[in-house]
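Have a look at the structure below before the remarks.
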Amino acid sequence: MIYQTPDAIDFRLSDVPSIPPPQRVLLTTPTHFDVQYVINPHMAEHVGSVDTDTAHDQWTALRDTYADLGVDPEILEGAEDLPDMVFCANQTLPYYDPRNDEKGVVLSRMHAAERQQEVPHYREHFESMGYTVHTLPEEAGDFEGMGDAIWHPGRYLLWGGYGFRTGLDAYRHVADLLNVRVIALELDDPDFYHLDTCFSVLNARSVLIYPGVFDDKSRALIDHFFNTVVEAPEQEARDLFACNAHCPDGTHVLIQDGCDTTIKRLEDAGFTPIPVETSEFLKAGGSVFCMKQMIW
Ligand code: ARG
225 MIYQTPDAID FRLSDVPSIP PPQRVLLTTP THFDVQYVIN PHMAEHVGSV
275 DTDTAHDQWT ALRDTYADLG VDPEILEGAE DLPDMVFCAN QTLPYYDPRN
325 DEKGVVLSRM HAAERQQEVP HYREHFESMG YTVHTLPEEA GDFEGMGDAI
375 WHPGRYLLWG GYGFRTGLDA YRHVADLLNV RVIALELDDP DFYHLDTCFS
425 VLNARSVLIY PGVFDDKSRA LIDHFFNTVV EAPEQEARDL FACNAHCPDG
475 THVLIQDGCD TTIKRLEDAG FTPIPVETSE FLKAGGSVFC MKQMIW
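According to my numbering, the sequence shown is numbered sequentially starting from 225.
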């Protein structure tokens with residue numbers, strides 16, 4: 225079932241099966257990371273401008289930050305000629321189905337032709353780990369994994385952004401395939417081309433958003449399910465990817481350094497922000513949330 229308006233909501237969060245938090249994080253090395261083409265507005269001025277050594281250092285620091293928080297990093301090697309492969313949130317949607325204790329992934333059907341060859345690397349990786357791997361049929365259209373499809377913390381409920389990289393049809397297929405409810409949020413500002421650029425779940429009752437993206441229906445859906453909605457100001461959201469922050473444990477929030485107002489608001493809401501530097505990856509239109517994949 226796909227929900228697009230608050231009036232359509234016919235269930236409570238407590239009716240939704242609970243799921244355990246994913247305990248591990250998949251990271252892909254930035255070995256071949258670069259900006260070589262433009263598939264989002266952030267990349268436009270940065271073709272050829274990535275400092276490889278700095279990118280490597282920033283990625284290593286991010287990996288170490290996860291390890292320090294007790295989230296086990298699992299590493300996949302980035303492949304040649306796939307400069308965006310480091311953004312490992314996009315090629316799959318990992319899931320844990322509490323009703324049959326199954327863990328698996330749904331493979332993406334990348335909108336961006338430049339990124340389609342990333343998917344087989346992730347297929348191979350998850351197959352070798354013994355996960356159930358699903359391929360969506362062609363008629364499902366575009367689907368960019370956890371760039372757009374985000375689990376509600378602790379519940380078998382999916383938030384689905386659509387408009388740029390993922391279409392509504394994909395969620396119809398995902399909803400059927402996984403037997404899951406999907407709350408669909410429309411995106412229409414090209415700077416915020418994935419849901420994870422403007423919406424970051426923090427815990428079961430809290431979310432960080434950039435409110436400028438969401439129309440009244442979407443905002444009402446967000447307010448319906450979250451008690452605490454932390455808002456990032458426009459400049460931090462647009463230029464520093466404040467809402468591409470990631471809260472791996474319900475408390476700590478890894479967020480691009482310099483998002484001072486957002487950091488203050490997160491602290492006021494009881495969270496512990498951990499500023500990290502992802503400036504090289506911002507050139508490609510990504511930050512923390514895109515650079516990791518939480519898995520069961
Ligand atoms: N250059 C990549 C793209 O446009 C960046 C992806 C960032 N990932 C994300 N989940 N927002 O696809």
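All C-beta atoms in this analysis are idealised placements derived from N, C-alpha and C, irrespective of residue type, glycine included.
In angstroms, rounded to a whole number, what distance separates the CA positions of residue i and residue j?
i, j, result
"residue 408", "residue 393", "11 Å"
"residue 346", "residue 431", "28 Å"
"residue 448", "residue 235", "11 Å"
"residue 389", "residue 290", "28 Å"
"residue 498", "residue 383", "25 Å"
"residue 367", "residue 327", "19 Å"
"residue 258", "residue 391", "27 Å"
"residue 306", "residue 505", "14 Å"
"residue 429", "residue 349", "33 Å"
"residue 304", "residue 427", "36 Å"
"residue 375", "residue 245", "10 Å"
Assign residue i to buried or exposed, taking buried as 16 or more other Cβ atoms, counted over all protein chains shown, within 10 Å of its Cβ.
i, result
"residue 309", "buried"
"residue 479", "buried"
"residue 516", "buried"
"residue 323", "exposed"
"residue 292", "exposed"
"residue 334", "buried"
"residue 284", "exposed"
"residue 294", "exposed"
"residue 282", "buried"
"residue 264", "buried"
"residue 353", "exposed"
"residue 272", "exposed"
"residue 494", "exposed"
Is the beta carbon of residue i sitting closer than 8 Å to the one on residue j?
i, j, result
"residue 240", "residue 381", "yes"
"residue 229", "residue 507", "no"
"residue 405", "residue 225", "yes"
"residue 371", "residue 314", "yes"
"residue 421", "residue 471", "no"
"residue 496", "residue 512", "no"
"residue 379", "residue 237", "yes"
"residue 359", "residue 317", "no"
Legend entry - Sufficient close CB pairs (3 or more, under 8 Å) joining the region 274-281 to the region 469-483: no
Legend entry - Whole runs of the beta strand (DSSP E) within the region 339-409, excluding any shorter than 3 residues: 356-358, 373-375 and 381-386
Inset, instruction - State whether the region 337-346 contacts the region 385-400, with contact taken as three or more CB pairs (one from each stretch) at a distance under 8 Å. - result: no
Inset, instruction - May I have a chain-ordered list of the alpha helix (DSSP H) segments no shorter than 4 residues that lie completely inside the region 233-306? - result: 276-292
Legend entry - Start-end ranges of the beta strand (DSSP E) lying completely within the region 410-481, minimum 3 residues: 423-427, 430-433, 452-455 and 476-480
Inset, instruction - Mind the definition here: the region 480-495 touches the region 252-266 only if three or more C-beta pairs lie below 8 Å; say whether that holds. - result: no
Inset, instruction - Taking only runs that begin and end inside the region 495-520, name each unbroken beta strand (DSSP E) of 3 or more residues, in chain order. - result: 496-500 and 517-519
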